[in-house]
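**Student:** Below is one structure. I have some questions about it.
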Amino acid sequence: MDDSRIPSSTVDRALVAHAALMTLLGLLSGFTPALAKAPRAALSAHTIGVLQGALLFGLAAVWPSLGTGRVVTAARYCALIGLYANWLGAQLAAFWSASAMFIVHRASMPGGAAPWMEGVVAVLLNVSALIVVMCVLILWALWQSRRRSRTAEP
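Using numbering that gives the first Met the number 0, you'd call the opening residue of the sequence shown number 0 and step up by one each time.
Put into structure tokens, the structure is as follows:
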């Protein structure tokens, strides 16, 4: 397919690459339940990766419409850091059986994770709160854009 026919402003190609990588990580996570100490948590990591990949594909499609600026750049970093941290935290929790942050799966997870493992998983899963910050920043950027366009009209 000839790339020159597709306007580059219609999608954010870097986010498409991250979306493909996240989807790939999620798909590969589907093979890890047999290897993990906590198979149900590994299946959760698989689901998280695939769904977050879909979210990133959607973000890549709309990102150019957000414009540029500090708020949009901050939202981008929040998205990428938060989404990767969320998937990695879930995957490590499955491998290590770090159950402290997993209320739903805790009963099915065998014990044995070292305190430092629980700490790493807790940090990663708490960093995933940046996804919420990303949503707020996107709404803020849209609100600012709408406000600017209203004041620019005669």
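From the three backbone atoms N, C-alpha and C, an ideal C-beta is built for every residue, glycine too. The structure displayed is predicted, hence computed values, not measured ones.
1) Alpha carbon to alpha carbon, how far is cysteine 134 from glycine 48? Give it in angstroms, no decimals.
2) Starting from the C-beta of phenylalanine 56, find all residues in its chain whose C-beta is less than 6 Å away, skip the five residues before and the five after it, and write them out in chain order.
3) Round the Cβ separation of leucine 50 and leucine 91 to the nearest angstrom and send it over; I've been treating them as touching at under 8 Å.
4) Identify whether valine 103 lies in helix, strand or coil by the three-state DSSP scheme.
5) Can you say whether glycine 110 is buried or exposed, counting buried as having 16 or more other CB atoms within 10 angstroms of its CB?
6) Starting from the C-beta of isoleucine 80, find all residues in its chain whose C-beta is less than 6 Å away, skip the five residues before and the five after it, and write them out in chain order.
7) Is the CB-CB distance between aspartate 11 and alanine 59 below 9 Å?
8) What residue range is occupied by the uninterrupted alpha helix (DSSP H) comprising phenylalanine 30?
9) Between the Cα of isoleucine 102 and the Cα atoms of Met21, Thr22, Phe94 and Arg39, which residue gives the shortest distance?
10) From what residue to what residue does the alpha helix (DSSP H) around valine 61 run?
11) With DSSP as the reference, label valine 10 as helix, strand or coil.
12) Can you tell me which of the three DSSP states proline 109 falls into?
13) Out of Ser64, Ser148 and Thr46, point me to the one whose CA is closest to glycine 29's CA.
14) Rank Ser107, Pro63, Arg75 and Ala78 by C-alpha distance to the C-alpha of leucine 42 and give the top, closest one.
**Tutor:** By the coordinates alone:
1) So the alpha carbons of these two residues sit roughly 18 Å apart.
2) The beta carbon of phenylalanine 56 lies closer than 6 Å to those of Ala18 in the same chain, with the five residues before and after it left out.
3) With 8 Å as the limit, leucine 50 and leucine 91 do not qualify as a contact, their Cβ atoms being about 18 Å apart.
4) Correct three-state label for valine 103: coil.
5) By the 10 Å Cβ count, glycine 110 comes out exposed.
6) Around isoleucine 80: Leu129.
7) Going by C-beta atoms, aspartate 11 is nearer than 9 Å to alanine 59.
8) Neither: phenylalanine 30 is in no alpha helix (DSSP H) and is coded neither H nor E.
9) Nearest C-alpha to isoleucine 102 among Met21, Thr22, Phe94 and Arg39: Arg39.
10) Note, valine 61: alpha helix (DSSP H), 38-61.
11) Valine 10 falls in the coil class under three-state DSSP.
12) Looking at proline 109 - three-state DSSP - the assignment turns out to be coil, as it is neither helix nor strand.
13) For the set Ser64, Ser148 and Thr46, the Cα lying nearest the Cα of glycine 29 is the one of Thr46.
14) Among Ser107, Pro63, Arg75 and Ala78, the Cα nearest to that of leucine 42 is on Ser107.
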